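Going by the working numbering, the first residue of the sequence shown is number 14, and it counts up by one from there. Just so it is clear, CB atoms sit at the ideal spot from N, CA and C, and this is done for glycine as well. The model shown is predicted, which means the values in this text are computed figures rather than measured ones.
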Amino acid sequence: LNVLSVHEEIAGALALGHSAGVVAKEQRDRLLGALDLSNRTVDEIMRHRSEIEMIDGDLPPERIVELCLNSAHTRLPVYKGNPENIVGVLHAKDLFRAVYERIQDAGSISEALRGLDIMAVAMEPYFIPETTSLDDQMRQFLRRRTHFALVVDEYGGLQGLITLEDILEEIVGEISDEFDVNADHPIRQLEDGSVVVDGATTIRDLNRAMDWSLPDDEANTVAGLVIHEAQTIPTPGQVFSFHGFRFEVLERKANRISRLRIRPLRPVAGAEG
């Protein structure tokens, strides 16, 4: 029996059940999200390397502690010399435990930090190929009892990072906590029916939230889709129409489209993908 055809049959049944009012949208999205894990790769949902918060391992220990305290993340890659040269991953809990233990012996924070070897506290970095399927990577995370991996290309170049939470969000939707800097993230619907989104919002998340069916075969993010279709990096104020939607670029930072307004060109009645 062809696995792909079974997948398509289940997806079709879920779509039919949803349109008939038997399957709630949230249930449909979660089941489809779980089904899709084996067909999608980590590079589709990873945090791009340009957005990774890193620590220079050559900084003084007191500065590294300060950076960890001010970060919204508990795990931070550590590099030496070049940000491409990741030599470890520092877990805030491990760092603060090491500092606390040294304070007990030294008697003061300044003495405790003097000579603290950050690399002795950091964990070995866990690298994975960008072609790894989400299904396989979730199993690896659970098997290794780690939740954090660095994604590399075929030449070993750093491409991004992915966490177990990222994969779980593909099934259950956005998971937010009090330290989540993107808790209010990406999608804001306006009264006129348009939505304002962060350019880094994935097309999949937008489709899921709005029940749209924008294609994600050529790009993973909304900004990527606009750049692909426009064949250029647009400037604020530029407007494009494709795939039945109007895209207006609201904000651009350097070469990145950071904010857009999207509006269906016609009522999206039953625009299910």
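Buried versus exposed, by CB contacts within 10 Å (16 or more), residue i
i, result
"glutamine 172", "buried"
"aspartate 179", "buried"
"leucine 29", "exposed"
"aspartate 42", "buried"
"threonine 144", "exposed"
"phenylalanine 140", "exposed"
"valine 208", "buried"
"proline 90", "buried"
"glycine 7", "As shown, the chain starts at 14 and ends at 286. That puts residue 7 outside it, with no answer to give."
"glutamine 40", "exposed"
"valine 252", "exposed"
"leucine 340", "In the structure as shown, the chain starts at 14 and stops at 286, and residue 340 therefore has no counterpart that could be examined."
For residue j and residue i, believed in contact at Cβ under 8 Å, the rounded distance
i, j, result
"leucine 129", "arginine 152", "Going by Cβ atoms, the distance from leucine 129 to arginine 152 rounds to 36 Å, so no, they are not a contact pair."
"leucine 163", "proline 138", "6 Å"
"valine 210", "leucine 219", "6 Å"
"serine 146", "serine 51", "6 Å"
"threonine 289", "arginine 265", "The shown model of the chain, from 14 to 286, leaves out residue 289, and the question about it has no answer."
Backbone CA spacing between residue i and residue j [nearest angstrom]
i, j, result
"leucine 227", "alanine 236", "12 Å"
"valine 112", "cysteine 81", "12 Å"
"lysine 38", "arginine 53", "21 Å"
"alanine 125", "methionine 132", "16 Å"
"isoleucine 68", "threonine 176", "18 Å"
"arginine 269", "threonine 215", "14 Å"
"arginine 157", "alanine 135", "17 Å"
"alanine 232", "aspartate 56", "11 Å"
"isoleucine 184", "serine 271", "25 Å"
"serine 342", "histidine 160", "Given a span of 14 to 286 for the chain in the structure shown, any question on residue 342 remains unanswerable."
"glycine 186", "leucine 72", "37 Å"
"leucine 108", "valine 78", "8 Å"
"leucine 103", "serine 63", "19 Å"
"leucine 263", "leucine 238", "15 Å"
"glycine 206", "arginine 276", "7 Å"
"valine 100", "glutamate 167", "19 Å"
"glycine 257", "tryptophan 225", "10 Å"
"glycine 25", "alanine 222", "19 Å"
"phenylalanine 260", "glutamine 117", "59 Å"
"alanine 119", "asparagine 95", "33 Å"
"phenylalanine 154", "glycine 250", "43 Å"
"arginine 127", "valine 165", "34 Å"
"arginine 329", "isoleucine 58", "Since the first residue shown for the chain is 14 and the last is 286, residue 329 is missing from the structure and cannot be characterised."
Unbroken beta strand (DSSP E) run spanning residue i, endpoints
i, result
"alanine 162", "161-165"
"histidine 104", "99-104"
"serine 271", "269-277"
"proline 142", "140-142"
"aspartate 211", "208-211"
"glutamine 172", "171-176"
"proline 90", "88-92"
"valine 252", "252-255"
Closer than 7 Å: residue i CB and nearest the ligand MG heavy atom
i, result
"isoleucine 246", "With respect to the ligand MG, the structure offers nothing, as it holds no ligand at all."
Among the options, the one whose alpha carbon lies nearest that of residue i
i, options, result
"serine 121", "Asp149, Asp205, Glu75 and Pro247", "Glu75"
"aspartate 230", "Arg221, Met223 and Arg217", "Arg217"
"leucine 44", "Gly170, Leu181, Leu174 and Ala267", "Leu181"
"serine 84", "Pro96, Val91 and Glu66", "Glu66"
"alanine 213", "Val91, Arg60, Arg127 and Leu174", "Arg60"
"asparagine 98", "Arg221, Met223 and Gly169", "Gly169"
"aspartate 49", "Gly250, Pro96, Phe258 and Asp148", "Asp148"
"lysine 93", "Gly70, Lys106 and Phe253", "Gly70"
"histidine 86", "Asn95, Val165 and Leu174", "Leu174"
"arginine 279", "Phe255, Leu273 and Thr234", "Phe255"
"lysine 106", "Arg88, Pro96 and Gln117", "Arg88"
First through last residue of the alpha helix (DSSP H) which encompasses residue i
i, result
"glutamine 40", "38-49"
"leucine 238", "235-243"
"glutamate 137", "No alpha helix (DSSP H) contains glutamate 137, which DSSP labels as neither H nor E."
"arginine 265", "Looking at the DSSP string, arginine 265 is not in any alpha helix (DSSP H); the run it does join, the beta strand (DSSP E), is 258-266."
"isoleucine 200", "First-last for isoleucine 200: 200-202, but that is the beta strand (DSSP E), not the alpha helix (DSSP H)."
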